[in-house]
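Enquirer:
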Amino acid sequence: MAAGVLSGLFGIGGGIVIVPALVFLGLTQKHATGTSLAALVLPVGILGVLEYAHRHEVEWKYAIGIAVGLTVGAFFGAAFAGKLSNLVLRRAFGGVMLLVSLRFLIFSK
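Residue 39 in this note's numbering sits at position 38 of the sequence shown, with consecutive numbering throughout.
Set out below in structure tokens:
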């Protein structure tokens with residue numbers, strides 16, 4: 002539930018919370034990522050956007066363009082992830098989280 006609240010509040014993917022939690026519980030990085038994606042589609046992808054759309058807070062021209070890029074990127078990203086070890090994926094995930102965190106902490110106005 003915390004991941005859902007954070008996702009709706011900040012617009013972050015719940016995976017930023019769910020994936021580390023699942024890894025902590027013993028899932029491999031690949032299983033945690035796949036499980037997170039499967040769990041997020043309905044509650045975040047559909048129900049979250051319905052609430053924002055109801056308040057007219059969705060810029061559809063941007064959303065559609067981003068969705069096209071995400072669709073293509075997700076396909077190739079998942080295929081590439083299948084070729085990497087769990088250790089490499091875990092370190093890459095941690096590195097991305099670290100870089101994003103530093104960006105928000107240091108360069109936010």
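Note that beta-carbon positions come from the ideal geometry of N, C-alpha and C, so glycine has one too. None of these values were measured; they are calculated from a predicted model.
Taking the alpha-carbon of Thr-34 as reference, which of Arg-91, Val-45, Lys-62, Phe-105 has the nearest alpha-carbon?
Expert: For this step, residue 34 is matched to residue 33 along the sequence shown. For Thr-34, the nearest C-alpha among the options comes from Arg-91.
Enquirer: Taking buried to mean at least 16 other C-beta atoms within 10 Å of its own C-beta, is Gly-15 buried or exposed?
Expert: Numbered from its first residue, the sequence shown carries residue 15 at position 14. Label assigned to Gly-15: buried.
Enquirer: With a threshold of 8 angstroms on Cβ separation, who are the neighbours of Leu-28 within its own chain once the five nearest residues in sequence on each side are excluded?
Expert: Taking the first residue of the sequence shown as position 1, residue 28 is located at position 27. Hits under 8 angstroms: Thr-36.
Enquirer: In the DSSP assignment, find the unbroken alpha helix (DSSP H) run with Pro-21 in it and report its ends.
Expert: As a working mapping, residue 21 is identified with position 20 in the sequence shown. Unbroken alpha helix (DSSP H) run through Pro-21: 16 to 25.
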